[in-house]
RNA sequence: GCCGGGAUGGCGGAAUCGGCAGACGCAGAGGACUUAAAAUCCUCCAAUAGGUGACUAUUGUGCGGGUUCAAGUCCCGCUCCCGGCACCA
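Numbering (this note's numbering), first residue to last: 486 to 1318.
And the structure:
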């Protein structure tokens, strides 16, 4: 109650402060009117004319949190300008929107307030959709998808089954990332600096049997195909680093005492003769067997147990000490036959390479420190190229560079590169290893112990084991009621009625899988569903082959190795299954920067949030859009400034006043500025088109401002025809940026049809160059004066005219002309001595 | 440590292929209109020195070198900032 009256008072005082004036348009009324009109006309529903070239313009769909934030306003504005521009350029444009609607916040809200996730989600969607309408975004809502609805997630489940059939979905027991705050597991991509990407709680480890998607099978293709993408360099690099290809060799160390073999991975097989010990990760499966009958057994088991409870952050910290313990067992060096001790060490990662390394103290910094601490021997086997003779010996720090091999039997004298292959070849001959490529990327863990996600369509039968739910029985629906405790197990597991089911294979009693899928699975294929949102299949193959790939994808950088990597993986699997025609989903990517406020990223905890609705109320959607576009290039972060929106608002009002005045303008006295303004008009069309093609929205807006300034400057000397032509061109060019004002002006200009159905203007290329141009005259590289010349004047003529200029005399007097450089239309440089 | 991106007036930014650095906007100053203010329209606005002045000279794109008739842009060597990865064998 109190809040409401406060809001009313504010509205009243605003009306008092800002009364309507004849020289201003009523932003709110104009924007509202056209939003309703566009909707009535279904203006942005994709047309049926398949003879036009297609353009798929996509922006990352939001999680329906309840309100749009400034980041959303920026992405959707950028995408909307692209979509509107392409439509006017004659493309058939698909510009859909939908909801990434599964996720933890809805479930956490349910725990707190008792409102069912689906109820709060749907309410949030309704509100955010109204905000998008208020922004004047040209979405085609007939393609809307909501990932949490059964008619979407049944297909998410079907895709999971397709992955399962192709051997790309599997269950595995192991230590997994656990977020104690979200009470669920996380994929590797979702752990950033040891903390949960969503809630920033430190991630711990748990031993669980979980479902994975085999993204590692696609590592090489995901890496290779990066080359063909029109993506920003930093995103490509991040993906490349994440995949982390590394070329080296596998080396087998036999354990004579037990008959086992330890395989290690190394990128430096050339240093093999310097290997003086072998280290296993604490989690390595061989550890227990190796120590089984040794006196060290208890001690080693204690060490392993201790290391396994240490968190990843602690264990992988730069400063972490290298701890290890000798197992008491020995392995045989594959080429020298020497017995080397087998250690267990905390610095060896279980899930990279083979989970075991060879220790080469002289040529690896970690091994060097480890060997010093535990007094393990070191042998120098690589001599740097600069060093002469055999005297070189590693003493105070490891030498990790390449060079010439020493102390390496018959390989001595080879350079490192040659030795890598020579040694790998020898290992291969002896069946003790060979060349090998590994990747840093791990398989994608998709199980989540939460309710608000797509149930994994699997049944566990006591007789048949893991059985997929037949496609005909999809969707596996979420139970409508659930008990939300937020305690470590999926709420689905507590619903006995839901869990109990019949085995699809034998009909016996069975239990449903109670984990749901990571929401990144939902968002890995939504852009396919958009093309045919009402299809009875996951998507219509004809629509997909027509629309895909996405021509322009706009989104945030934070998804560089999350959504953008998963979607590429999904697309490759769909391609292999013959479901889609293209191997890459997003041809072109525009990754937009953050909107910063008071110097910091906006967040509730920092208390520096800005509400889009109040800004749009104050200044209107058009001004908000124009400022967003004008303030900075799209990929850069920018600081939200009230004065900046005000500037955009002023610009739009200025355009409006120009139109109102020019509509009443008589012929100027002589039309003497007609030619100038015709050229300015052509130049502006050219500039704005070029800028939109290269996504330089800020300079496009500035060109529109210059155009407006030019029309103001010359208005009294224009014929009525040029007045009108200038004004109509300005209105059309403004349409993608400020759609409401453009529409209003277009109708004021007497047109009955929407400006958004107009074609993008052409221009006469002959008008781009002024007949007279100003060229700079440099003497020895310094601009000394300028002169007006005909634009056609060639280099020789230009040089002659510059030298003949009276102002030239004082500069060249008594000096010798060394060189004359001319750039027609731009400058002359006279070099004298 | 490795990888990527960046540094331009008081501020956001522009300069697309090596060719007049600072477009456009914000802030600021002045003028017009007004009883006055706001709003609007017009003009000025890198620094330093000189000149009443139109102007002239010098310096200037993080720092130091280089290539070139000409460098914000290309090359070499640094500094700092932002982002990503990081005991990955």
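Just so it is clear, CB atoms sit at the ideal spot from N, CA and C, and this is done for glycine as well.
Within 10 angstroms of its Cβ, does residue i collect 16 or more other Cβ (buried), or is it exposed?
i	result
residue 657	exposed
residue 1172	buried
residue 494	Per-residue confidence for residue 494 stands at a pLDDT of 33, beneath the threshold of 50, marking its modelled position as unreliable; no derived number is given.
residue 905	buried
residue 1037	buried
residue 609	buried
residue 1018	buried
residue 1294	exposed
residue 1267	exposed
residue 1057	buried
residue 755	buried
residue 694	exposed
residue 1016	buried
residue 1273	exposed
residue 770	exposed
residue 982	exposed
residue 662	buried
Keeping to the same chain, check which residues put their C-beta closer than 7 Å to that of residue i; ignore five residues upstream and five downstream.
i	result
residue 1192	1165, 1169, 1215
residue 858	807
residue 1106	516, 619, 620, 621, 1225
residue 1146	none
residue 863	761, 846, 847, 856, 879
residue 1095	555, 1082, 1087, 1125
residue 528	1239, 1241
residue 677	none
Take residue i and list the residues in its own chain whose beta-carbon comes closer than 8 Å to its own, dropping the five residues that flank it on each side.
i	result
residue 600	594
residue 888	867, 868, 869, 870, 872, 900, 901
residue 576	537, 538, 539, 540
residue 793	660, 690, 767, 768
residue 1249	1167
residue 1163	1207, 1210, 1252
residue 907	896, 899
residue 1255	1164, 1276
residue 510	1138, 1141, 1226, 1229
residue 500	With a pLDDT of 36 at residue 500, under the threshold of 50, the modelled position of that residue is not reliable, and the figure given next carries that caveat. Counting only Cβ-Cβ distances below 8 Å, and skipping sequence neighbours, we find nothing.
Confirm the yes/no value for this check: CB of residue i, any heavy atom of the ligand MN, distance under 7 Å.
i	result
residue 1044	This structure lacks the ligand MN, and indeed carries no ligand of any kind.
List the whole-angstrom C-beta distance separating residue i from residue j, where the pair is believed to meet the contact cut-off of C-beta under 8 Å.
i	j	result
residue 961	residue 642	6 Å
residue 1262	residue 1271	7 Å
residue 865	residue 842	With 8 Å as the limit, residue 865 and residue 842 do not qualify as a contact, their Cβ atoms being about 19 Å apart.
residue 1189	residue 1219	6 Å
residue 1213	residue 573	That belief does not hold up - the Cβ atoms of residue 1213 and residue 573 are roughly 14 Å apart, past 8 Å.
Please work out which residues of its chain come closer than 6 Å, Cβ to Cβ, to residue i, disregarding the five sequence neighbours upstream and downstream, and give them in chain order.
i	result
residue 1302	1317
residue 1066	1030
residue 1306	1314
residue 545	1040
residue 579	531, 541, 1032
residue 991	948, 949
Exercise. For the region 553–566 against the region 617–624, are there 3 or more C-beta pairs whose distance is under 8 Å?
Worked result: yes
Exercise. For the 8 Å Cβ check, are there 3 or more pairs between the region 724–741 and the region 811–823?
Worked result: yes
Exercise. Does the count of Cβ pairs from the region 623–630 and the region 644–661 closer than 8 Å reach three?
Worked result: no
Problem set entry | Segments of 4+ residues assigned as alpha helix (DSSP H) that fall wholly inside the region 908–984 | Counting whole runs of 4 or more residues, the region 908–984 contains the alpha helix (DSSP H) stretches 981–984.
Exercise. Any contact of the region 743–751 with the region 947–964, i.e. 3+ C-beta pairs under 8 Å?
Worked result: no
For this session: Any chance you could list the beta strand (DSSP E) runs of at least 3 consecutive residues sitting entirely within the region 839–865, in chain order?
Result: As far as the region 839–865 is concerned, its whole beta strand (DSSP E) runs of at least 3 residues are 841–844.
Exercise. Considering only residues of the region 725–772, which uninterrupted alpha helix (DSSP H) runs meet the minimum length of 4 residues and lie entirely inside it, listed in chain order?
Worked result: none
Exercise. Does the pairing of the region 660–670 with the region 1025–1043 give three or more beta-carbon distances under 8 Å?
Worked result: no
Exercise. Is it a yes or a no for the region 957–974 touching the region 587–604, going by three-plus beta-carbon pairs under 8 Å?
Worked result: yes
For this session: Quick one: which unbroken beta strand (DSSP E) runs of 3-plus residues sit fully inside the region 568–616? Chain order, please.
Result: Here the runs fully enclosed are 577–579.
Problem set entry | At least 3 beta-carbon pairs within less than 8 Å: the region 998–1007 vs the region 574–591 | yes
For this session: Tell me the start and end of each unbroken beta strand (DSSP E) in the region 1006–1071 that is at least 3 residues and wholly inside, in chain order.
Result: Taking 3 residues as the minimum length, the beta strand (DSSP E) runs contained wholly in the region 1006–1071 are 1037–1041, in order along the chain.
Problem set entry | Three-pair Cβ contact test at 8 Å for the region 694–706 versus the region 926–935 | yes
Problem set entry | Given 8 Å, three or more beta-carbon pairs between the region 1125–1140 and the region 1174–1182 | no
For this session: Would you list, in sequence order, the uninterrupted beta strand (DSSP E) runs of no fewer than 3 residues that lie entirely inside the region 624–678?
Result: 654–664, 669–671
Exercise. Between the region 1229–1243 and the region 519–536, do three or more beta carbon pairs fall short of 8 Å?
Worked result: yes
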